[in-house]
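I have placed the structure first, in the form of structure tokens, so that the comments after it can refer back to it.
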Amino acid sequence: MSTWEAQFSASGFVINNGGRAGAIWMYLGTFICFLTAIASMAEMSSMAPTTGGQYHWVSEFGPAYAQKQLSYTVGWLCLLGWQVGNTAIAYLCGTILQGMVALNNPSYEPTRWQAVLIIWAVLTFSLVFNTTFASGLPILELIVATIHVLGFFAILIVLWVYADPDPASKVFTSFYNGGGWSTQGAACLVGILSPVFSFVGPDAATYMAEELQDASRSLPRAMMWAAISNGAMGFVMIITFMMMLGDPATALDSATGYPFIDLFYRATGSMAGTTVMVTLFFIMLLFGSVTSFATSSRQMWAFARDNGTPFSSWLSHVRPGYDLPVNAVLVTWAFAMLLTLINLGSDVALNIITSLGVGALTCSYIISISCIIRKRLVDEPLLPRPWSLGIWGLPLNLIGVAFLILVFVMNFFPQSPRNLDATTFNWNILIFMAAVLIAGINYAIRG
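This is the structure we're talking about:
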């Protein structure tokens, strides 16, 4: 969970739809509400700590007459969400690298096809690492976690020391409606995608559940501590970022494509210093792409192992001499390479890719938590769990589902209602429905 990094890389959407105050308050609201959803999933992981995550939970907690259908549906939602999320991180790597080049060479004009090629290079790097150096993933994750914490303090200190903040009274009340929505409230709700992107994916830890000792205790604790600590870091960083952002319209007009790159340059006044800071940020995203790639391929392998995908036996096959699902890794790479092509024909490719992934995963969370709500309402006994929400279980479940439903709906909105055309429309509703259709056909044929 890389919350503070996401405040920089995915900030453009909420700056345009909410402004500085909107970014801060929507982050805080998302932090609190998403925490209730994560707590609900943490309790389920304590009851059933399995690598299948949500789709195993609904098969355990859903009504008997619908367990198979719900499990299959949630499995496909998780598959779509993680595959798309993997692509989103690679997309950020590629376009941030372009932004760094644009900063150092003002005559450079980033093009979409160049971005696609860079993203493909990032994805191929992740592929090579996940096949050739797969045994080094635990060490890499430790290194990334260390850089994640040290990088947070390094960038925060530089901004606090060198940047010139605006008065808090102005920042915390300065909203912006660059998208042209009918009300400021509507603009902020549309901009919620940015802070939600920071928190989505707490189920990642569940795919390693069978490798943990005493998973029914350690897994929910890890999920909650990761959410709380990273959420707090993200809150500090979003306040810092917005205090020093300046005029939203000017920030969004950055030649680099990312307001945070310009902020780094204004703070340091040094091209070399800015390049070092952005390079540090890029490295974190690059290796975040590697670990996300691993999670996505393992999730696909687990679902295929349970016969949930087409060509399940091939996707779940682990070749002799390998300790990893090479076929699932290759399909993860190929899917991301193809999805990246959206960038060639859309001005809002990042919004489409991120909102598609967020929408699929939030829908899987909604179904999973709803199954627990049903059991609590009809007073069915829950499985024993050492990590329990106690009497707060039902209220937290209800708050979490209500918030996730709001997020799911807002994910399908465009960046702006003005001048909609083929290049600015949010096409993820069609992609989402196409995935649902494919899943339905596969279920009808294979049962």
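The number in the working numbering is simply the position in the sequence shown, starting from 1, with 128 added. Built from N, CA and C at the ideal position, the CB exists for glycine as well. This structure is a prediction, so every number in the text was calculated from the model and none was measured.
Three-state secondary structure (DSSP) at residue i?
i    : result
Y386 : coil
Y304 : strand
G146 : strand
N233 : coil
Y450 : coil
S130 : coil
I320 : coil
T419 : helix
F541 : coil
R502 : helix
W204 : helix
L458 : helix
S173 : helix
D331 : helix
T490 : helix
S398 : coil
N479 : helix
A309 : Note on identity: in this sequence residue 309 is Trp, with Ala being the wrong assignment. Here W309 sits in coil by DSSP.
Which word fits residue i, buried or exposed, when buried means at least 16 other C-beta atoms lie within 10 angstroms of its C-beta?
i    : result
A432 : buried
Q341 : exposed
E237 : exposed
Y493 : buried
P376 : buried
T201 : buried
P191 : exposed
L517 : buried
V250 : buried
V537 : exposed
M399 : exposed
In whole angstroms, what is the alpha-carbon distance linking residue i and residue j?
i    : j    : result
M351 : I143 : 29 Å
I166 : L524 : 10 Å
A296 : L380 : 21 Å
G157 : I527 : 12 Å
P542 : F553 : 6 Å
W324 : M175 : Looking at the sequence itself, residue 324 is Val, so the reference to Trp does not match. Taking the straight line from one Cα to the other gives about 26 Å.
G203 : L278 : 36 Å
P545 : A488 : 23 Å
M228 : S498 : 44 Å
V564 : T215 : 19 Å
W288 : T368 : 8 Å
H276 : G374 : 26 Å
F531 : L511 : 25 Å
F162 : F327 : 7 Å
I501 : Y571 : 26 Å
L220 : S137 : 7 Å
Y183 : S199 : 5 Å
D390 : S139 : 13 Å
V457 : A343 : 25 Å
A170 : A332 : 12 Å
F409 : A291 : 18 Å
F303 : R394 : 22 Å
M561 : F540 : 12 Å
G473 : W241 : 10 Å
A151 : A273 : 25 Å
I283 : M405 : 7 Å
L265 : T460 : 17 Å
I271 : P509 : 42 Å
I411 : L231 : 18 Å
D434 : T179 : 11 Å
S168 : W185 : 12 Å
L245 : E188 : 43 Å
G385 : P234 : 13 Å
Starting from residue i, trace the alpha helix (DSSP H) both ways and give me its first and last residue.
i    : result
I470 : That residue, I470, is in no alpha helix (DSSP H); it is neither H nor E in DSSP.
E269 : 265 to 290
F369 : 343 to 371
S254 : 240 to 260
A572 : 556 to 574
P523 : 521 to 538
H184 : 182 to 189
A379 : 376 to 380
S297 : 296 to 299
L510 : Segment: none, L510 is in no alpha helix (DSSP H) and carries neither H nor E.
W442 : 440 to 443
Beta-carbon of residue i versus every beta-carbon of chain B: anything under 9 Å?
i    : result
L458 : The displayed structure is made up of one protein chain only, and chain B is not part of it.
- Query: Touching or not, the stretch 478 to 485 and the stretch 445 to 461, by the rule of three or more beta carbon pairs under 8 Å?
  - Reply: no
- Item | Stretch-stretch touch, CB-based, cutoff 8 Å, three pairs: the stretch 205 to 214 with the stretch 416 to 427 | yes
- Message: Pairs of beta-carbons, one from the stretch 346 to 364 and one from the stretch 244 to 264, closer than 8 Å: are there three or more?
- Response: no
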